[in-house]
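Protein chains in written order, with the working numbering: chain A, 1 to 409; chain H, 1001 to 1091. All residues carry an ideal CB built from backbone N, CA and C; glycine is no exception. Keep in mind the model is a prediction, meaning the values are calculated, not measured. See below for the structure under consideration.
Below you can see the structure in the form of structure tokens.
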């Protein structure tokens, strides 16, 4: 890996100073590093540190870099670029020079393969902006019971952003994509250390590739994509988990046959019929399992921390976010007595069906005691969060309702 | 300014390079684990995935690295790797 001076300067003094001022070992019990249900070793080995261009995030692994966003950032409607989570499978991550970047577009189900420069991508297609939540399939894996191997994410392997780019379908149309196309494959510039390690390559169904909302994005929240989030161009697949949102995009191929590769046929798969999802990826299904597709409905309390204390007889504001795979959030119900009684939260501005929805709830003035806050989201097609973990061996789709215990008095 | 910038750069570099601060537990097989596992990833993957895997679980992880990820780990080294991982990071 190489880092240029500009990227370092972007990191800003605050991030570096923060990392430097908090020596290792002093953070072991810091709740910002994740909920207590994470594996003990995951909590002990996590710390806050800043990648170049980023504020201090929760370091899960150095190489490849996997960094989680602290929950407090989710009080904002859009997650700042410099606080957006970082997730890689492979450790060779090139610093892509914009003038050298080329996107090859082709595949056996396209008549006219061609290449695009960054300037062409930006100027020769209609720009589109979509607000969408990007969430790692394995977000909350660390809360799986029993624990399962992998990056032990807490709540923060996600972020909401405004993604600007061009429609994948427009780029494919210029290549003369044919009706026989069943999948569209995306590859990125990041690569493995060893030749024998399967390169990270992903496909999506042709119908999803041709969806108006599926973009080749070059901007995030009004700025160029951060290096660690896929500069200069990444795939944005609203409603679907981030495994398909290929970073540092280098090629797009329309295929007449299902793509065979480790990251499709063996990884990112869920037991068939286990989750209430609508979108199917039929060309990749087997009798037993299927690729993960859309996000399941979920929510998160963003402004309270476990064990937080409040003065008695004052109302307490609870804030959070709720999301699903793109049907839209219909309601968030909140309980402050551990789930015995529920009242609807106030839903804030609708930022689009692929964005998360902020919500707000006020716990009435209460006497001293312990209170357990629980939030449960329901979407517009009637799907809701689970109370018991829907266990699966890779720890995907964890949407168990979150419980936060607070202390009044 | 220049001095401050230089210090800042050193800190940033140190922070990044700082997978070297991951110290695995002392014990027989530690160097074998460090040499084999750090070819492809930082060693914090090991404590992060603890403590919940039993010996069979760690054996599965090592074999996945060989068979799926193509790690050039010698067959005769596998028991030593699994012993260390199970003893120090196993349940």
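Query, Result
"Opening and closing residue of the alpha helix (DSSP H) in which residue 317 of chain A lies", "It is not in any alpha helix (DSSP H) - residue 317 of chain A instead sits in the beta strand (DSSP E) that spans 316 to 323."
"Where residue 1053 of chain H meets chain A, residues with beta-carbon distance less than 9 angstroms", "147 and 149"
"Residue closest to residue 392 of chain A, alpha-carbon to alpha-carbon, out of A:272, A:403 and A:407", "A:272"
"Expected contact under 8 angstroms - CB spacing of residue 165 of chain A and residue 236 of chain A to nearest Å", "7 angstroms"
"The alpha helix (DSSP H) enclosing residue 1032 of chain H, as first and last residue numbers", "1030 to 1037"
"Contact under 7 angstroms by Cβ, residue 276 of chain A with residue 408 of chain A", "no"
"Whether residue 1088 of chain H touches residue 1023 of chain H by CB criterion (7 angstroms)", "no"
"Element boundaries [beta strand (DSSP E), containing residue 186 of chain A]", "183 to 188"
"Min CB distance residue 196 of chain A to chain H below 7 angstroms", "yes"
"Within-7 angstroms CB hit, residue 1047 of chain H to chain A", "yes"
"is_contact[residue 87 of chain A, chain H] using C-beta, thresh 7 angstroms", "no"
"Proximal residues to residue 212 of chain A (C-beta, below 6 angstroms), its chain only, five neighbours per side dropped", "none"
"Beta-carbon neighbours of residue 1077 of chain H, restricted to chain A and to distances below 7 angstroms", "Per Cβ cutoff of 7 angstroms: no residues; residue 1077 of chain H is ~16 angstroms from chain A at best."
"CB contact check: residue 1087 of chain H to chain A, cutoff 7 angstroms", "no"
"Extent of the continuous beta strand (DSSP E) to which residue 379 of chain A belongs", "369 to 379"
"Those residues which DSSP pairs with residue 82 of chain A across a bridge", "Per DSSP, none; premise fails for residue 82 of chain A."
"Any C-beta of chain A under 7 angstroms from that of residue 1037 of chain H", "no"
"Within-7 angstroms CB hit, residue 335 of chain A to chain H", "no"
"Between the CA atoms of residue 299 of chain A and residue 971 of chain H - distance to the nearest angstrom", "No statement about residue 971 of chain H is possible, as the shown extent of chain H runs from 1001 to 1091 and does not include it."
"Residue 215 of chain A versus A:179, A:348 and A:130, residue with shortest Cα-Cα distance", "A:130"
"Contact with chain H by residue 193 of chain A, beta-carbon distance below 7 angstroms", "yes"
"Meets three-Cβ-pair contact criterion under 8 angstroms: the region 33 to 44 of chain A and the region 279 to 286 of chain A", "no"
"Contact set between residue 44 of chain A and chain H, taken where Cβ atoms lie within less than 8 angstroms", "1047"
"Ordered list of alpha helix (DSSP H) runs contained in the region 218 to 305 of chain A, each at least 4 residues", "262 to 265"
"Status (buried if at least 16 other CB within 10 Å, exposed otherwise) for residue 1057 of chain H", "buried"
"Backbone secondary structure at residue 1064 of chain H - three-state DSSP", "helix"
"Chain A within 7 angstroms of residue 1059 of chain H, Cβ atoms only", "no"
"Interface flag, residue 152 of chain A vs chain H, CB-CB below 7 angstroms", "yes"
"Chain-ordered neighbours of residue 364 of chain A on chain H, where CB pairs are closer than 7 angstroms", "What residue 364 of chain A touches in chain H: nothing, since even the nearest Cβ is about 40 angstroms away."
"Given 8 angstroms, three or more beta-carbon pairs between the region 83 to 100 of chain A and the region 59 to 72 of chain A", "yes"
"Counted within 10 angstroms of its Cβ, other Cβ atoms place residue 137 of chain A as buried (16 or more) or exposed", "buried"
"As assigned by DSSP and simplified to three states, the class of residue 49 of chain A", "strand"
"Beta strand (DSSP E) runs contained entirely in the region 80 to 122 of chain A, provided each spans 3 or more residues", "102 to 106 and 114 to 117"
"Opposing strand residues paired with residue 343 of chain A [DSSP bridges]", "A:334"
"Chain-ordered residues of the region 86 to 107 of chain A with a beta carbon less than 7 angstroms from chain H", "91"
"Best match in A:256, A:70, A:399 and A:388 for proximity to residue 378 of chain A [C-alpha to C-alpha]", "A:399"
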